[in-house]
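All remarks here apply to the structure that follows.
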Amino acid sequence: MGTPLITSCNELVDEHAHPLLRRIASRLYHLWEYVLDRLSRDEVVPAVSVVATIVFLIAGGYLMAYLVKMEEESIQSRYRAEGRTPPTRSGTGTAQLRVHEMRVETYNGLVRLLKPGCRTIVLLVDADSKANLLARFHRIVWPYRKNKSLMFAFVVLERGLEWYRRLLMPSLPDNQQLNINPKNCIGTVLSINGYRKYFCMYHAKHAEVGGKAGARRRRTAKGGATGGGEFLGFDEDDSSSSDVETGEKREQRTARAALSDEVLFEEHLLDGLGGWLDRLFEGQTVRYHVKYWPDFTGK
1 MGTPLITSCN
11 ELVDEHAHPL
21 LRRIASRLYH
31 LWEYVLDRLS
41 RDEVVPAVSV
51 VATIVFLIAG
61 GYLMAYLVKM
71 EEESIQSRYR
81 AEGRTPPTRS
91 GTGTAQLRVH
101 EMRVETYNGL
111 VRLLKPGCRT
121 IVLLVDADSK
131 ANLLARFHRI
141 VWPYRKNKSL
151 MFAFVVLERG
161 LEWYRRLLMP
171 SLPDNQQLNI
181 NPKNCIGTVL
191 SINGYRKYFC
201 MYHAKHAEVG
211 GKAGARRRRT
221 AKGGATGGGE
231 FLGFDEDDSS
241 SSDVETGEKR
251 EQRTARAALS
261 DEVLFEEHLL
271 DGLGGWLDRL
281 FEGQTVRYHV
291 KYWPDFTGK
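Here's what the structure looks like:
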């Protein structure tokens, strides 16, 4: 026998095979013919329309984002050119709470031109207590920042005391004078319904009565026979005292006297505001109706 021959076989190449790109193009061409044979125009047009709509929306989104970015860069460059600090975007998407100052130019928008169902929550402050009380007021009403039917404001008593006095006058008995001590008004909160012409009042010494007594007080307040500033010590006349008054009235007067004797510090004036707001939105607070809203002169 002869010596066996040993050889190695390398990778075989089909010399007649098409290149890779040509094979891909051929597959795509056959796929295209397959689609044309089995789909009609009525089936193709809706599919193309959907795809075109999606592409248009994506392109529009990118375009809007690009325009917003260009606008922000333009604003920042303008601020830098003027030597000011450019605004940041840290608060973007977060609901903000604005507390407006009630002035002559903002009064109509905050009170007289309120839409049905809308209310303005107003805090009374003076120049000394403004910073402290506004900070506490802001924290208390912060949970209501997303309520579109509410606006928040404050009145500086140095400019709004006369307006406040004229607001309380219709709630007093006829021919009764109202002498206001501005220091007693600090921390008062008013809920003003400009459309229905009534307001509700909160004060740390204003103990609103519940139950049947509260209902009677609401009816009296609506009729205008209850002293609107009685709880602040505006009405000092005790001539209505009588030995025949009922035990309920006597008890209420004793409670009011005890409240008036308490000393309240500035930091405690708004302690009960959160609970009062809950009762306000449940309709359990006293409503003082007015025939018209007095002018705000800013004096």
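Counting with full-length UniProt numbering, you get residues 1 to 299 for the letters of the sequence shown. For glycine and all other residues, C-beta sits at the position ideal for the given N, C-alpha and C.
Item, Value
"Expected contact under 8 angstroms - CB spacing of L97 and A153 to nearest Å", "Rounded, the Cβ-Cβ distance is 12 angstroms, inconsistent with contact."
"DSSP state of N10 mapped onto helix, strand, coil", "coil"
"P4 versus H18 - alpha carbon distance", "38 angstroms"
"Cβ pair M169, T120 closer than 8 angstroms", "no"
"Continuous beta strand (DSSP E) assignments of at least 3 residues falling wholly in the stretch 121 to 160", "150 to 156"
"Buried or exposed by the 16-neighbour rule on C-beta atoms within 10 Å, applied to Y202", "buried"
"Under the three-state DSSP convention, the category P119 falls into", "Per the sequence shown, the amino acid found at residue 119 is Arg instead of Pro. It is a strand residue."
"Anticipated Cβ contact below 8 angstroms, L269 with I186, distance rounded", "7 angstroms"
"H206, DSSP secondary structure in three states", "coil"
"Simplified DSSP assignment, three categories, for E101", "strand"
"Endpoints, the alpha helix (DSSP H) within which S77 is located", "R41 to A81"
"Whole-angstrom C-beta distance between F137 and L114, which should lie under 8 angstroms", "Not a contact, Cβ separation roughly 20 angstroms."
"Alpha-carbon spacing of D128 relative to M102, whole angstroms", "17 angstroms"
"S34 - DSSP class collapsed to helix/strand/coil", "At residue 34 the sequence reads Tyr, which differs from the Ser that was named. Note: Y34 maps to helix in three-state DSSP."
"Cβ shell of T106 (< 8 angstroms), same chain only, five flanking positions each side left out", "H100 and A153"
"Bridge-paired residues (DSSP) for F199", "I192 and Y288"
"Nearest to L134 (by Cα), restricted to the options V189, K148 and N108", "V189"
"CB contact flag (P182, D271, <8 angstroms)", "no"
"Backbone CA spacing between R287 and D295 [nearest angstrom]", "20 angstroms"
"Under the three-state DSSP convention, the category Y281 falls into", "Reading the sequence as shown, one finds Phe at residue 281 and not Tyr. Of the three classes helix, strand and coil, the one that applies to F281 here is helix, per DSSP."
"Best match in M64, P116, I140 and E82 for proximity to G275 [C-alpha to C-alpha]", "I140"
"L113 in three-state terms, based on DSSP", "coil"
"Option nearest F199 by Cα separation, candidates G283, R159 and V156", "G283"
"Contact under 8 angstroms by Cβ, T297 with W142", "no"
"N132 versus V290: straight-line alpha-carbon distance, rounded", "31 angstroms"
"C-alpha gap between I75 and R159, whole angstroms", "37 angstroms"
"Distance, R23 Cα to E15 Cα", "14 angstroms"
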